[in-house]
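Participant: One structure coming up, written as structure tokens, with questions to follow.
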Amino acid sequence: MKRRFVAAMLAGVMACSLAGCNTKSPMAGKEETTTAADTQAGSDTQAALAEGETDKQAETAGPITIQFWNAFTGTDGDVLREIVDRYNKENTRGITIEMDIMPASSLEEKLPAAIASKTAPALIIRGNFDTATYTDNGILTPLDDFFEQTGADASNFSDASLQALQYQKVQMMIPMQVHSTFLYWNKDLFEAAGLDPETPPATWEEAAEYALKISDPSRKLYGIGFPISGAPCYFDAMFKSNGGDVFSADGKSSVLDSPENLKTLQYIQNLVNQGAAPVGSTGADTDNLMLAGQMGIYCGGPWLISGLKEAEINFGVTGMPAGDKEAAGVIEVQGFGVTSTASEEEKAAAYDFIAYWNSDTTCKEWSLRNGYPPYLKSLAEDADIKADATVNALSSISEFGFSFAPGIKSVKQVNNDILFPMIENVVAGNDPQEELSKASESISKLLSE
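Under mature numbering (1 follows the signal peptide of the UniProt record, and there is no 0), the residues of the sequence shown are numbered -19 to -1, 1 to 430, in order.
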């Protein structure tokens, strides 16, 4: 049924565009004018649904090419390209997706200028931390009609995956993948250090104990890693696990400067000072140490899995360790967004690809090949998913994952410009309390602007 919806949608918007009408829906509150072309397009759509003329409708719509930007520069990007290429070959609607993969920093720099010059791609992938800012900046168009237009079942998506991509209760993006940080361990290094290779640390206290046993800086062998940039914001999860936080419940003030968070920073600094963690390493550096078999414990995302398998590392993966209060990991959702400059024809084509992605077949492939936990409920009991030890382990996200700072527009700026530099300074040997106080003041100032 979803195929018929989208084919009819493509035909309808093409007919509408020839008649010179505008069907773009505002985010809220404004009336839309119904024209004769609108009425005819709606009639054509209903006829297509009734008669099942999917292929004929696609032919009348004509071929269309849309641009697709994302930042999947790792090995998972190769899998993404395969899926896009397959879609281009298999779809019968004349839709071609031209994908451009670039570093996230380049995408963030290029996209606003492309929107201003009306040369932006129709389709992008961004994270839930971008939702509020990209909406306020006029980059995204609302996607509330996606489920109606495609026939996709909204109830099949996990609530968290959809809610993370909403802004003021409006669906601004549709899920593409869900992930968190997980604890990886090198089983061979565990065994060499006299540890049980099948038993990862269950707490941060145990992680420190194991890391010290594994470490040998003279051989560039480290027990654990704490990146200072270019990595998932693992420290947000560590704060939470020890009972701390960054923002107040209403998101209007900083609560960073607390005894709980001070304990977390002291924990990190102590392990660095004892040679268990490298100094000044970026996310890429720590990833490479894991891939080279030179790091025992590391908290990273699912994108590490394919590289670890290719490097033939004997590894395990499990949920995040518990602190004084609980185990915690920040849930992040990457979503498909349609840009505000996309035409109705481009939006319809983008919808078709998004629906294709969110089929059981494609989502299952993405999960099994890259290790991302599935967010479609229909895959929860899938035999292949449950049989894959890695994917099954990552599905524990439901037990420890939490949404960090939902709806706070400055969250990325806080993480990148305040918290990562704070971690860098602590790792370099600065006083943790001074760094905590300074960072908290910076956050409060930013929130007051």
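Note that the Cβ used here is the ideal one computed from N, Cα and C, for glycine as well.
Could you tell me the distance, in whole angstroms, from the CA atom of residue 193 to the CA atom of residue 185?
Facilitator: Residue 193 and residue 185: Cα-Cα distance of roughly 12 Å.
Participant: Among 60, 385 and 298, which one has its Cα closest to the Cα of residue 369?
Facilitator: Among 60, 385 and 298, the Cα nearest to that of residue 369 is on 298.
Participant: For residue 268 and residue 197, what's the separation of their Cα atoms in angstroms?
Facilitator: So the alpha carbons of these two residues sit roughly 18 Å apart.
Participant: I think residue 332 touches residue 127, with their Cβ atoms under 8 Å apart; what is that distance to the nearest whole Å?
Facilitator: Rounded, the Cβ-Cβ distance is 6 Å, consistent with contact.
Participant: What alpha helix (DSSP H) runs, 4 residues minimum, are completely inside the region 217 to 254?
Facilitator: If we require 4 residues or more, the alpha helix (DSSP H) runs fully inside the region 217 to 254 come out as 240 to 254.
Participant: Per DSSP, what are the beta-bridge partners of residue 320 in this structure?
Facilitator: Answer is 121.
Participant: At the level of alpha carbons, what is the spacing between residue 33 and residue 131?
Facilitator: For residue 33, the predicted model reports a pLDDT of 38, less than 50, meaning its position is unreliable; a value from the coordinates is still stated below. When rounded, the distance between both Cα atoms is 14 Å.
Participant: Can you tell me whether residue 25 is helix, strand or coil according to DSSP?
Facilitator: Confidence at residue 25 is low in this model, with a pLDDT of 37, below 50, so its placement is unreliable and no value can be given for it.
Participant: Taking 8 Å as the cut-off, decide whether the C-beta atoms of residue 82 and residue 327 are in contact.
Facilitator: Not a contact, by the Cβ cut-off of 8 Å.
Participant: Do residue 217 and residue 418 come within 8 Å of each other at the CB atom, strictly closer than that value?
Facilitator: In this structure, residue 217 does not lie closer than 8 Å to residue 418 by Cβ.
Participant: Hey, is residue 86's beta-carbon within less than 8 Å of any beta-carbon in chain B?
Facilitator: The question asks about chain B, but that chain is absent: this structure has only one protein chain.
Participant: By Cβ distance, which residues of its chain are closer than 8 Å to residue 260, with the 5 residues on each side in sequence left out?
Facilitator: Within the same chain, residue 260 has close Cβ partners 253, 408 and 409.
Participant: Assuming residue 289 and residue 271 make a contact with CB atoms under 8 Å, what is their CB distance in whole Å?
Facilitator: So it is a contact: roughly 7 Å between Cβ atoms.
Participant: Specify whether the region 377 to 394 and the region 224 to 237 touch according to this definition: at least 3 beta carbon pairs, one from each stretch, less than 8 Å apart.
Facilitator: These segments touch.
Participant: Pair every Cβ in the region 295 to 309 with every Cβ in the region 360 to 378, then say whether three or more of these pairs are closer than 8 Å.
Facilitator: They touch, by the three-pair rule.
Participant: Identify the continuous beta strand (DSSP E) that holds residue 281 and give its terminal residues.
Facilitator: Run containing residue 281: 276 to 281, per the beta strand (DSSP E) assignment.
Participant: Report the partner residues of residue 184 according to the DSSP bridge assignment.
Facilitator: The partner list for residue 184 (beta bridge, DSSP) reads 303.
Participant: What does DSSP give as the partner residues of residue 107 in its beta bridges?
Facilitator: Per DSSP, 316.
Participant: From what residue to what residue does the beta strand (DSSP E) around residue 51 run?
Facilitator: Taken as a continuous stretch (DSSP letters only), the beta strand (DSSP E) holding residue 51 covers 45 to 51.
Participant: If residue 356 sits next to residue 159, beta carbons under 8 Å apart, how far is it from one beta carbon to the other, in whole angstroms?
Facilitator: Indeed they touch by this definition, with Cβ atoms about 4 Å apart.
Participant: Name the two residues that bound the continuous alpha helix (DSSP H) containing residue 462.
Facilitator: Because residue 462 is not part of the residues shown, which for the chain are -19 to 430, the question remains open.
Participant: Give the straight-line distance between the Cα atoms of residue 308 and residue 222, rounded to the nearest whole angstrom.
Facilitator: Cα to Cα, the separation comes out at about 5 Å.
Participant: Which residue from 359, 353, 334 and 352 puts its Cα closest to that of residue 75?
Facilitator: If we check each option's Cα against that of residue 75, 334 comes out closest.
Participant: What does the Cβ neighbour count give for residue 73, buried or exposed, with the cut at 16 atoms within 10 Å?
Facilitator: So residue 73 counts as exposed.
Participant: Which residue wins for smallest C-alpha separation from residue 90, given the options 65, 59, 51 and 62?
Facilitator: Cα-wise, what sits closest to residue 90 is 51.
Participant: Return the bridge partner residues of residue 353 from the DSSP annotation.
Facilitator: According to DSSP, residue 353 bridges with nothing at all.
Participant: What would DSSP say about residue 369, mapped onto helix, strand or coil?
Facilitator: Note: residue 369 maps to coil in three-state DSSP.
Participant: Do the region 56 to 70 and the region 340 to 352 make contact, defined as three or more Cβ pairs closer than 8 Å?
Facilitator: Yes, the region 56 to 70 touches the region 340 to 352.
Participant: Going along the chain, which residues of its own chain have a beta-carbon closer than 6 Å to the beta-carbon of residue 7, five neighbours each way excluded?
Facilitator: Bear in mind that a pLDDT of 33 at residue 7, under 50, signals an unreliable position, so the model cannot answer this.
Participant: Under a three-way DSSP split, which group does residue 428 fall into?
Facilitator: The answer is helix: DSSP assigns residue 428 an H, G or I state.
Participant: As a quick exercise: from 77, 317, 337 and 273, pick the residue whose alpha carbon is nearest that of residue 296.
Facilitator: Of the candidates 77, 317, 337 and 273, the one whose C-alpha sits nearest the C-alpha of residue 296 is 273.
Participant: Out of 56, 86 and 95, which one is the CA nearest neighbour of residue 322?
Facilitator: Out of 56, 86 and 95, 95 has the C-alpha closest to the C-alpha of residue 322.
Participant: Which value, in whole angstroms, describes the spacing of the CA atoms of residue 209 and residue 183?
Facilitator: Roughly 24 Å separates the two Cα atoms.
Participant: Alpha carbon to alpha carbon, how far is residue 283 from residue 134? Give it in angstroms, no decimals.
Facilitator: Residue 134 and residue 283: Cα-Cα distance of roughly 26 Å.
Participant: Return the Cβ separation of residue 358 and residue 139 in integer angstroms, given the expectation that the two are a contact with Cβ distance under 8 Å.
Facilitator: Going by Cβ atoms, the distance from residue 358 to residue 139 rounds to 7 Å, so yes, they are a contact pair.
Participant: Are residue 316 and residue 156 touching if we call contact CB-CB under 8 Å?
Facilitator: Contact: yes.
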